[in-house]
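*Asks:* This structure is in structure tokens; I'll ask about it shortly.
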Amino acid sequence: MNSVTVNNLKQYVDQEVELKGWLYNRRGSGKLLFLQFRDGTGVVQVVVSKKEVPENVFEDAKRIGIESSVIIRGKVSKDDRSTLGVEIHGSDLQIIQEVHDYPIQITEDVPNIDKLLDMRHLWVRSKRPHAILKVRSEVVQAIRDFYYERGFVLYDAPVFTPASCEGASTLFEVPYFDQKGYLTQSGQLYGETGAMAFNKVVV
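Per the numbering used here, the very first residue in the sequence shown carries number 326; after that it's consecutive.
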């Protein structure tokens, strides 16, 4: 059985696959469950039918909490209604770590922004911040590629610096062992020294 990721599922239509990730959402009742499964590369619907799986598998799928870690096995089927173009007909579900009472509603933005920021490590799993961070990653990579293709050298400035670069009024002092350090305001000074060594640098 192929162990695959959600973003590659279209390559495995009519094949049995294994997916490792988290339960994102669930709906359905009675004899049919629709699980939204995510693995970091995407979200796919997994259909679990009581008639087609062992009773314990169906009960586990019906019971487990949002963001529980699971391994799902099943057959990939075409589905034109899906944004992926496929869905999974589940045949087995293995619980790795069960979650109870997940602290935020991961499928939607909770209006309490303070709560979301306090739990940002969890909030990034929901659709909006997840999409924003992926777009940001693509933009940063495009900028890096632009400079790399033109012969620039990446020249990182240190996080802490012993001196001001722009103005003392905006310095943020940080105790550093027995010395005073400051958060770097700009890579300008370090970029200037790097340019003398590499000619073209990006800081």
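All C-beta atoms in this analysis are idealised placements derived from N, C-alpha and C, irrespective of residue type, glycine included.
Note that the coordinates shown come from a computational prediction; the quantities given were computed from them, not determined experimentally.
#1: Tell me the start and end of each unbroken beta strand (DSSP E) in the region 371-396 that is at least 3 residues and wholly inside, in chain order.
#2: Alpha helix (DSSP H) containing residue 517: first to last residue?
#3: Using the DSSP secondary-structure output, state which residues sit across from residue 403 in a beta bridge.
#4: Note down, one range per segment and in chain order, each alpha helix (DSSP H) of at least 4 residues found wholly within the region 418-449.
#5: DSSP puts residue 505 in a beta bridge; with which residues?
#6: Reducing DSSP to helix, strand and coil, say where residue 475 ends up.
#7: Which residue wins for smallest C-alpha separation from residue 338, given the options 496, 517, 404 and 523?
#8: If you draw a straight line from the alpha carbon of residue 429 to that of residue 347, how long is it in whole angstroms?
#9: Only counting the same chain, and skipping five residues up and downstream in sequence, which positions put a Cβ closer than 6 angstroms to that of residue 399?
#10: If you drop the 5 nearest sequence neighbours on each side, which residues of the same chain put their C-beta closer than 8 angstroms to that of residue 506?
#11: Going along the chain, which residues of its own chain have a beta-carbon closer than 7 angstroms to the beta-carbon of residue 455, five neighbours each way excluded?
#12: Rounded to a whole number of angstroms, what is the C-alpha to C-alpha distance between residue 393 and residue 469?
#13: Which of the three DSSP states is assigned to residue 356 in this structure?
#14: Hey, how far is the Cα of residue 479 from the Cα of residue 453?
#15: Compute the beta-carbon to beta-carbon distance between residue 331 and residue 364, rounded to the nearest angstrom, for a pair I have assumed lies under 8 angstroms.
#16: Restricting to Cα atoms, I'd like to know which of 504, 528 and 437 is closest to residue 512.
#17: Give the DSSP bridge partners of residue 346, in chain order.
*Replies:* With the given structure in hand:
#1: Runs of the beta strand (DSSP E) inside the region 371-396: none found.
#2: Element bounds for residue 517: 513-523.
#3: Paired residue(s): 411.
#4: List check, alpha helix (DSSP H) in window: 438-443 and 445-448.
#5: For residue 505, which the question treats as bridged, DSSP gives the partners 500.
#6: In the structure shown, residue 475 falls within a coil segment according to DSSP collapsed to helix, strand and coil.
#7: The shortest Cα separation from residue 338 among 496, 517, 404 and 523 belongs to 404.
#8: Cα-Cα distance, rounded: 15 angstroms.
#9: Cβ neighbours of residue 399 within its own chain (closer than 6 angstroms, five residues either side excluded): 413, 414, 415 and 416.
#10: Shown here for residue 506: same chain residues with a beta carbon closer than 8 angstroms to its own, the five before and five after excluded, namely 485, 486, 487, 498, 499 and 500 in chain order.
#11: Only 449 meet the Cβ criterion.
#12: Between the alpha carbons of residue 393 and residue 469 lies a gap of roughly 36 angstroms.
#13: Three-state result, residue 356: coil.
#14: Within the model, the alpha-carbon separation for residue 479 versus residue 453 is close to 31 angstroms.
#15: Between residue 331 and residue 364, the beta carbon gap of about 5 angstroms places them in contact (Cβ cut-off 8 angstroms).
#16: For the set 504, 528 and 437, the Cα lying nearest the Cα of residue 512 is the one of 528.
#17: According to DSSP, residue 346 bridges with 395.
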